[in-house]
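Those protein sequence lines, which keep their order, are chains R and A. Under the numbering used here, the first residue of the first sequence is numbered 12, with each subsequent residue one higher. Under the numbering used here, the first residue of the second sequence is numbered 24, with each subsequent residue one higher. Glycine included, C-beta positions come from ideal geometry on N, C-alpha and C.
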Amino acid sequence: MTVIASADFQIDLFSPEVIANLEAVYKRLRDEHPVYYDRDYDTFFFSRFDDVWEVLRVGDNALLATESNLPTPEYLRTHHNTGAPPFASTNPMAPGPKLHSPWYEQMRAAHITPLRPKRVAALADLVRNLARERLQTLLPQRKFNLTMDYAGVVGVTVICSLFGLPAARAREIMDKVNELARYDPRKSTDLGAFFAALTGDIIPAIQARRAAGADGSNLLIDGLISYRVEPEGRALSDQEICDQLVCAMVGGIESMPKVTSQGIMELWRRPEQLKAVRADLDANLPIAVQEMIRYCAPAQYTFRTAHRDLTVAGVHVRAGQRVASLLHSASRDEREFEDPDEFIWNRPIRRVLSFGLGQHHCIGKHLATLEITALAHEFLTTVTSFEFSLDEAGKNRGVMQRGWINLPVVILD
Amino acid sequence: MQETHTKTKIVVDRTLCDGNGNCAAAAPELFRLEQDDTLKVLRDMVDESQRAKAEAAVRVCPKAALKLVEER
Ligand code: HEM
Ligand code: SF4
C-alpha cells in the first residue's frame, strides 16, 4: 500500500484552505492517499485507523518525539534531517515527551500514581461535589458557557488539587492553558513560550512540596523530587521537574471540557438519543461517554521522528524523516466505524485512538473519563430542559486542537 | 506439530506497563490490578477457551506491553 505523493495530488495540511475543509480532506486522504508523503515537511501523514494504530505502537526508540510531537510547519520546512537526530538530553532532563526509553517511562512512572484507576476512582466524590457546586452558582444565570464556566472550572480545580495549588488560582491557570490551545502553529515559531508561562505556576507547587519534605503525600510531585538519575544519583532540579509536569497540567485542563460540553450538545441535537440515555443514566452514560470521546476529542495529530530506518504501515521511512498520525481522521475512519460522522451514543467501539496509543498514551484517560461522566451526570439530573445557543457559540478552528471553546447553554427548566 | 498440546503464555513487559488496567477491564479472569496499582497476571498460561480473551487484552493494551507466546 505504498502511496507516495504523486504529481497530481499535493496538499499542505497546515494551509488555511485545508484547515477550512479538514473533514473532507481527511476523507480524501483516507480513501486515496492513506499514506501521504509531504516533501516540504519531509513527513509521512497517516490517516487510516489501522495505520495510525500501527505507527503509534512502534517501540524500541524507533519513532520518538525528540523534535516535538507538535512541531510547527515552519520548523518542519526548515529542518530536514540527513539521519537520526540526537536523543534528547538527560542532563538536564528534557521535557518528558521528548525523551526516549527508558527515561520516558521512568519520568512517567514517577508521577503517574495519582492518575491510575484506583486513585482516580477515589476522586469521584470530589468531582461530583465540584460539579454540583458549580451548577448551583451557574443555574441562576440561566445562560452560561458549558465548556469553560462549567466543565472547564471543575477540570482545572481538580488539577489544582493534584498539584497542591490553591483553588483560587484555578481560573487564571485555565485561561492561560486555553490561550495555549488557541495557539496557531502557522503564526508562531514554537510552543516553548506558552509552556514557559506555566512555569511560574508549577515551580511554586514543587517548592512547596520540597519544603514539606516530599513525604509522598503529593503523589504527582513527590516521586519526581525523590527520583534519582542513575548511575550518578543526581536529583532533578525544580525546572526539570516542572518540565515533566507541564503536560499533565495542559492535558488535564484543555481537552476534557470540550468533550464534555460538545458531548452533551450532540445528545441535545438528537432528542431521541438524549431520551434513550436518560432512561437509565447510571447504566447508559458510561457508554455514551465512550462515543463522546471518539467523536469530540480535540487533538488532530501527533508527530514522531524516525531514529532508524524502518518499515511501518507499508512504507519505508528513513532515519530522520517524520511521521504524523492524524488522530481525528482515524476516529472518523469508515473502515473502523460504521457511519463514522454520525454521533451514535451506543455504537460498538472496539478500539479507540482518541487518547493516543503506545509510549505517549494519555496518562489522564481514567481521570478524563470519570470527569466527563460525572459532569454530564450532574448536569442531566439537575437540569430537566435546556437548549444551546449555537448562533453565539465559538469553535476553535485551529489545526492542532479543535473543539467548542464557547458553547452557551440556556436553562429552560 | 501437535496442535492439541499448544499452550499460550502471556508475557508482560514490565518496563512498558504503566498499570492503566485496560487489560484487566477486557479480561478480568486473566488480569487484575493490585491495591498498589501493579498488574497481576492471574493465569499466565491460557488454553484455547481463554485465547480470545487474552487476544482482546493484548489488543487494548495502549502501551503495547503484552505479548502472547506459543509454547508446546
Ligand atoms: C478527554 C480528554 C483527553 C483527551 C482526548 C486526551 C488526549 C491525549 C492524547 C491524544 C495524547 C497523546 C499525545 C501524543 O501522542 O503526542 C495524550 C497524552 C497525554 N495526556 Fe491526555 N487527553 C485527555 C485528558 C487528559 C488529562 C485529564 C490529563 C491529566 C490529568 C492528560 C495528560 C496527558 C499526558 C501527561 C500525556 C502524555 C504526553 C506525552 O508524553 O507526550 N490528558 N492525551
Ligand atoms: S493494559 Fe497494558 S499497560 Fe495497562 S495494565 Fe495492562 S499490560 Fe499494563
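Query, Result
"Going by C-alpha to C-alpha distance, which of A/Q58, A/D36, A/S72 sits closest to A/E52?", "A/S72"
"Cα separation between R/V270 and R/C307?", "5 Å"
"Taking only the alpha-carbon atoms, compute the straight-line gap between R/V328 and R/D61 and give it to the nearest angstrom.", "17 Å"
"What does the alpha-carbon distance come out to for the pair R/Y52 and R/L87?", "5 Å"
"When you measure from the CB of A/A48 to every non-hydrogen atom of the ligand SF4, does any distance come out below 6 Å?", "no"
"Does R/R239 have its Cβ less than 7 Å from a Cβ in chain A?", "no"
"If contact is defined by three or more beta carbon pairs under 8 Å, each pair taking one atom from either stretch, is the region 386 to 403 of chain R in contact with the region 332 to 343 of chain R?", "no"
"For the region 80 to 95 of chain A and the region 352 to 370 of chain R, state whether three or more C-beta atom pairs, one from each stretch, are separated by less than 8 Å.", "yes"
"By DSSP, does R/Q21 sit in helix, in strand, or in coil?", "coil"
"So is A/A18 in contact with chain R if we call contact Cβ pairs under 7 Å?", "Any property of residue 18 of chain A remains undetermined from this structure, which presents chain A solely from 24 to 95."
"Is R/A246 near the ligand SF4, judged by its Cβ being under 6 Å from some heavy atom?", "no"
"For the ligand HEM, is there a heavy atom less than 6 Å away from the beta-carbon of R/H371?", "yes"
"With a threshold of 6 Å (Cβ to nearest heavy atom), would R/V270 be considered close to the ligand ADP?", "Looking at this structure, you won't find the ligand ADP anywhere; what it does contain is the ligand HEM and the ligand SF4."
"What residues in its chain sit with their C-beta under 6 Å from that of R/G405, if we drop five residues either side in the sequence?", "I416, N417"
"Taking 7 Å as the limit between beta carbons, can you name the residues of its chain near R/T124, skipping five residues before and five after?", "R130, L230, G234"
"CB R/Y48 to CB R/L40, shorter than 7 Å?", "no"
"Answer yes or no: does any C-beta atom of chain C fall closer than 7 Å to that of R/E116?", "Within the model displayed, chain C is absent; protein chains R and A are what it includes."
"What does A/V83 touch in chain R if you count any residue whose Cβ is under 8 Å from its own?", "R362"
"Suppose you measure from the CA of R/I422 to the CA of R/T158; what does that come to, to the nearest Å?", "15 Å"
"Identify, in the order they occur along the chain, each residue of the same chain with its Cβ nearer than 7 Å to the Cβ of A/C40, setting aside the five sequence neighbours on each side.", "L62, K86, A88"
"If you compare alpha carbons, which of R/N140, R/T54, R/D291, R/R239 is closest to R/E78?", "R/T54"
"What span of residues does the beta strand (DSSP E) with R/G414 cover, start to end?", "414 to 417"
"Taking all protein chains shown into account, do 16 or more other C-beta atoms lie within 10 angstroms of the C-beta of R/S10, making it buried, or fewer, making it exposed?", "Residue 10 of chain R falls outside the range modelled here, since chain R spans only 12 to 424, and no answer is possible."
"Could one say the Cβ of R/R245 lies closer than 7 Å to chain A's Cβ atoms, at least one of them?", "no"
"Taking the alpha-carbon of R/R127 as reference, which of A/A50, A/V35, A/R37, A/D59 has the nearest alpha-carbon?", "A/D59"
"Rounded to whole angstroms, how far is the Cβ of R/A259 from the Cβ of R/W356, which I believe are closer than 8 Å?", "Actually they are not in contact, since the Cβ atoms of R/A259 and R/W356 sit about 30 Å apart, beyond 8 Å."
"So is the beta-carbon of A/L62 under 6 Å away from any non-hydrogen atom of the ligand SF4?", "yes"
"Taking only beta carbons into account, state which residues of the region 34 to 63 of chain A come closer than 8 Å to chain R, listed in chain order.", "T38, L39, D41, G42, N43, G44, L56, Q58, D60"
"Kindly list, in the order they appear in chain A, the residues whose Cβ is closer than 9 Å to that of R/P113.", "T38"
"Can you give, in chain order, each stretch of the beta strand (DSSP E) that sits fully within the region 328 to 398 of chain R and has at least 3 residues?", "333 to 337"
"Please check if any C-beta of chain A sits within less than 7 Å of the C-beta of R/H372.", "yes"
"Beta carbon of A/L89: closer than 6 Å to some heavy atom of the ligand SF4?", "yes"
"Kindly list, in the order they appear in chain A, the residues whose Cβ is closer than 8 Å to that of R/A120.", "D41"
"If contacts are defined as beta-carbon pairs under 8 Å, then R/F205 and R/E183 qualify, I think. What distance do you get, rounded to the angstrom?", "So it is not a contact: roughly 15 Å between Cβ atoms."
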